Each structure stands twice: as C-alpha cells, then as structure tokens.
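*Asks:* To start, I am sharing the structure in question, which I have written as structure tokens.
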Amino acid sequence: MIFKSVIGKLYLKFLRRRNQIKWAKIIGVKIGEQCRLIDVSFSSEPYLVTIGNHVSATKVHFETHDGGLWVFRKEHPEWDIINKIIIGNNVYLGYGCLVLPGVTIGDNVVVGANSVITKDLESNAVYAGVPARKVKSLDEYYLTCEKKALNTKSYSDDDKKNFYLNTLKNKVS
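Numbering of the sequence shown is given in the working numbering, commencing with residue -5 and proceeding in unit increments.
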C-alpha cells in the first residue's frame, strides 16, 4: 500500500496539517458530516474510533488502549487492553480533552477544556473535570448562553473588534 512507503508517510504528515478530516478517514477513523477537527491525535488503533455528525474537537487525544500494561509487560508480553471510542452527534470536545478506551459520548454533549473522559457520558449534558463529571443539563447551559450571547457571528473582523472593544470597555465580570 502506498501509505506504507516513505512518500505515503510524508503525504499523511502533510495531510494531517492541512485536512484533519481527510487524514483521519485515511487512517481508519469513521467520521460523520459537518465535523471540525483541529490538531487532534489518535493512538495506534484509529480504526476503533467513530465520530458522529457535527462534532468539534481541538487538541483532543483519542486513546484506544491502556498503556499502563507496560508495568506487566515482562510477565505478560501478550496482553493488550483495547476498546472502541464512540462519539455521538452534535458534540463539542473542549481544547485538550483526553478520551480513554471504551468511552461512548452521547448526542448533544459539551465537554470542558482539558477534561479526561474515563467513562460514558449521557446525552444532553455538559461535562468537565478530571475525571469528567456532569456539570449541568444542556437546557441549563442553553439558558446561561442565552444571557451572555452576543449576536456578532456575521460581523467582519474589524466590526467585531470595534464592537467588542466598545461593548466590553467598562464591563466588570
């Protein structure tokens, strides 16, 4: 196969920087539509990772095996602990999350930055922490966002900058 060659490896390295979705699919990750992957990484079994539709992940690592077996390697060189990772639809994984083997994340989930996901996360909720724990329901999070949201998504960069500087000038948290 071409990807075993030097040229193939260089192509994958290039692609990883330029188009993470295409790169992830080539290495075996199953990915849905409308996803955004930024500087994510996968352990040695990327083909065990399934990512649903409309998922955003930045600097997230998907770990499908338990490397802690290293301490038993002399006694049991044949041992592996490996499991799938399944990410549902409409999921936001905050910067720097670590998703461990055997985890299933439901639909409509927000996970806070640098969280470590060690067990399944139910749908329609917000999680954060080490290990990740439920912080609030998605409905509660919506109400929080509704109070704080600024309608600036369609502004040009200059208009957005001016708006933020003027609006937030005298704001105290």
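Virtual Cβ for every residue (Gly too), placed ideally from N, Cα, C.
Because the structure is a prediction, the values reported are computed rather than measured.
Only counting the same chain, and skipping five residues up and downstream in sequence, which positions put a Cβ closer than 8 Å to that of G26?
*Replies:* Residues I45, G46, N47, H48, V49 and N83 of the same chain have their beta carbon placed closer than 8 Å to that of G26, with the five preceding and five following residues left out of the count.
*Asks:* Report yes if the CB atom of I79 is closer than 8 Å to the CB atom of V93, and no otherwise.
*Replies:* Result yes, Cβ atoms of I79 and V93 sit closer than 8 Å.
*Asks:* Go to Y89, then tell me how far its alpha helix (DSSP H) extends in each direction, as first and last residue.
*Replies:* Element bounds for Y89: n/a, residue is neither H nor E.
*Asks:* Does the beta-carbon of C29 have 16 or more other beta-carbons within 10 angstroms, so that it is buried, or is it exposed?
*Replies:* buried
*Asks:* Using the beta-carbon count (16 or more within 10 Å), is W17 buried or exposed?
*Replies:* buried
*Asks:* Under three-state DSSP, which class holds T161?
*Replies:* helix
*Asks:* Can you have a look at I81 and say buried or exposed, based on whether 16 or more other CB atoms are within 10 angstroms of its CB?
*Replies:* buried
*Asks:* Would you call the CB atoms of A122 and G106 closer than 8 Å?
*Replies:* Yes, these two residues count as a Cβ contact at 8 Å.
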